[in-house]
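Novice:
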Amino acid sequence: MSGYVFPSEEWAREFCGKLNENPKYRDSAKKWEGSILFVVTDLPDELKKLHGGRDSVGFLLDLWHGECRGMKWFSNLDEADGDYILEATYEDWVQIVNGKLDPIQALITKKMKIKKGSIATIMRFTLAAINMVKTAQQVPIHK
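Whatever position you read off the sequence shown (first residue = 1), add 1 for the working numbering.
Here you go:
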């Protein structure tokens with residue numbers, strides 16, 4: 002089966018590229034300024050092996066006015082930082098990426114936590130968040 006392992010550097014790179022191809026995301030995020038570090042915790046055992054035994058990994062998207070200017074992968078979160086840090090378990094991220102859990106609902110129910118950044122700012126960009134998730138759904142995940 003084709004697709005990418007989630008989470009992985011390859012998946013995150015493809016996601017960044019797909020954001021740049023999505024005019025709906027670009028339009029809804031045209032006033033957004035800031036990088037977002039997506040932290041995935043509680044990895045299943047098979048993914049822990051793939052990521053050197055680590056329980057958590059992350060990727061940073063450099064987002065600016067509707068463009069993803071770059072991506073950086075972090076196997077070691079000790080050196081990771083971003084303007085905003087969003088953290089959720091592997092299971093919750095998969096639900097969000099698959100469109101089964103709304104990202105705003107995930108924030109409200111604390112399934113996704115804002116570790117850094119303003120929730121007020123994020124809430125002003127709910128359409129961008131929804132378009133971001135719809136874009137993530139375009140990146141095939143290998144199961």
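Beta carbons are placed, not taken as given, at the ideal position from N, Cα and C, and that holds for glycine.
Kindly indicate which three-state DSSP category residue 57 falls into: helix, strand or coil?
Specialist: coil
Novice: Measure the alpha-carbon distance for residue 64 versus residue 107 and round it to whole angstroms.
Specialist: For residue 64 and residue 107, the distance between alpha carbons rounds to 21 Å.
Novice: Between residue 103 and residue 97, what straight-line distance do the alpha-carbon atoms span, to the nearest angstrom?
Specialist: 6 Å
Novice: In the DSSP output, which residue or residues are listed as bridge partners for residue 69?
Specialist: 64
Novice: Quick check: the Cα distance between residue 122 and residue 105, rounded to an integer number of angstroms?
Specialist: Distance from the CA of residue 122 to the CA of residue 105, rounded to the nearest whole angstrom, comes to 12 Å.
Novice: Alpha carbon to alpha carbon, how far is residue 18 from residue 36?
Specialist: Those two C-alpha atoms are separated by around 15 Å.
Novice: Identify which residue in 101, 26, 93 and 89 has its Cα closest to the Cα of residue 114.
Specialist: In this structure, 89 is the residue among 101, 26, 93 and 89 with its C-alpha nearest to the C-alpha of residue 114.
Novice: Could you pull out every residue in the same chain whose Cβ sits closer than 6 Å to the Cβ of residue 81, ignoring the five residues on either side in sequence?
Specialist: 38, 59 and 75
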